[in-house]
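One structure is given here, and the rest of the page talks about it.
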Amino acid sequence: MALILRTHATAEEVAELAMIPRTSAYKSLQSLVEKGYTQETDGRPAIYHPLDIEELRERTMNEMNGMFAKLSSIKGLLSEKGTPELVYTIYGRRKVLAKIGDMLDTARTTFMISSPKMQDIRSDLSDRFKEAQARGVKITIITEPAVKLPSADEVYRRKGLIATDVIMDGTLAMIATEDLDLCGFSDNPLIAGHLENFLHMVKGSHK
């Protein structure tokens, strides 16, 4: 909010306006830069510019619409089949990445992941992708163009990805927010199969 009020500012100016420590302002601004909400101009000191409000609104709405579309597609799926609806939630980026790592470690046949954050995932889990592939697990990755990737059997480049989706062996599914701070996952094959079909459609699209 402080940055929007100023239209552009240094970390020190944001800290002064928001009445927070300069270190906290700098960390918050860097996080906004990483998420694409703020642009950083090189210099000493660096100057930060917020994303255009209308562009931010459109982007946020697109992300929310995409997430709600996925939720709508699986709504009631298990209850219609007479199966309890068990979807577990994990909070925190480190824990979400750890769960993806666990899914890689326990995969036996297939591992499919679609994410705009593959560079971050690769940084944390590159060796585990290699280990899974060495065990004979078929790995499919859907991600943004021009991103360096871990070991995979199939790679599809698509623009406009707004969340991280993971399916392991067609039985375990995960949907995580774009920043990997929150995820929901289920070990029910019905949900996993439904999400897998969705990702196959993404694979076949030409964005």
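In terms of my numbering, the sequence shown opens at residue 1 and continues consecutively. No residue lacks a Cβ here, since even glycine has one placed at the ideal position from N, Cα and C.
Asked, Found
"Taking all protein chains shown into account, do 16 or more other C-beta atoms lie within 10 angstroms of the C-beta of V155, making it buried, or fewer, making it exposed?", "exposed"
"If you run the structure through DSSP and keep just helix, strand and coil, what is Y156?", "strand"
"Give the C-beta separation of V178 and P116 to the nearest angstrom, bearing in mind that I take them to be a contact with Cβ-Cβ under 8 Å.", "Note on residue identity: the sequence assigns Glu, not Val, to residue 178. Rounded, the Cβ-Cβ distance is 6 Å, consistent with contact."
"Taking the alpha helix (DSSP H) that P189 belongs to, which residues open and close that run?", "P189 to G204"
"Among residues of its own chain, excluding the 5 on either side of D124, which ones have a beta-carbon nearer than 6 Å to its beta-carbon?", "L97"
"Figure out for me which residue from D120, D181, D153 and A15 has the closest Cα to the Cα of E144.", "D120"
"Just reading off the alpha helix (DSSP H) that E209 is part of, what are its end residues?", "Within the shown structure, residues of the chain are numbered from 1 to 207, placing residue 209 beyond reach of any answer."
"Determine the direct distance from the alpha carbon of T10 to that of G43, and round the result to whole angstroms.", "10 Å"
"Assuming S114 contacts T164 (C-beta within less than 8 Å), just tell me the rounded distance between them.", "7 Å"
"Take the Cβ of Y48 as the centre, count every other Cβ of all protein chains shown within 10 Å, and call the residue buried at 16 or more, exposed below.", "buried"
"Assign A176 to one of three DSSP states: helix, strand, or coil.", "strand"
"Helix or strand or just coil, what does DSSP make of Y26?", "helix"
"How do the segment 136-152 and the segment 180-192 stand: do at least 3 beta-carbon pairs fall below 8 Å, yes or no?", "no"
"Taking DSSP as the reference, what is the three-state secondary structure of L97?", "helix"
"For A132, collect the residues of the same chain with a Cβ closer than 7 Å to its Cβ; drop the 5 residues on either side in sequence, then sort them by chain order.", "L104, A107, F111 and I139"
"When you compare each of I141, M174, G136 and T7 to H200 by their alpha carbons, which one comes out closest?", "I141"
"Please classify S24: is it buried, with 16 or more other beta-carbons within 10 angstroms of its beta-carbon, or exposed?", "exposed"
"Can you tell me which of L195, L161 and K203 puts its alpha carbon nearest to the alpha carbon of T171?", "L195"
"Reducing DSSP to helix, strand and coil, say where D169 ends up.", "coil"
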